[in-house]
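Enquirer: Could you have a look at this structure, given as structure tokens, before my questions?
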Amino acid sequence: MTGAERLALRQAVPVHAQGGRPYYVCLGEIPARWQDAFRVALRGSACPVIDGRGECA
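Using UniProt numbering, read the sequence shown as starting at 1 and increasing by one per residue.
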């Protein structure tokens with residue numbers, strides 16, 4: 001992934017806040033072309049469980 005692609009991804013995916021601080025992203029909000037790579041990068045990582053939000057990271 002190029003630097004320009006990383007920047008585009010950061011701009012495309014909303015980061016949800018909790019307690020006024022960046023806390024999680026919803027995997028379903030990541031553009032489809034980047035979801036697989038993001039899931040691979042998450043493998044083995046702990047992910048938050050947010051009621052009603054689906055898969056989050």
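We put the CB at the ideal spot given by N, CA and C, even for glycine.
A quick note: this is a predicted structure, and the numbers were derived from the prediction, not measured.
1. Is the CB-CB distance between residue 27 and residue 46 below 8 Å?
2. Measure from the alpha carbon of residue 11 to the alpha carbon of each residue in 30, 1, 20, 17, then state which is nearest.
3. Using CA coordinates, which residue listed in 24, 37, 18, 8 is at the minimum distance from residue 54?
4. Over what stretch of residues does the alpha helix (DSSP H) that includes residue 53 continue unbroken?
5. So residue 22 packs on residue 15, CB below 8 Å; how close in whole Å?
Expert: According to the structure data:
1. no
2. 30
3. 24
4. Segment: none, residue 53 is in no alpha helix (DSSP H) and carries neither H nor E.
5. 5 Å
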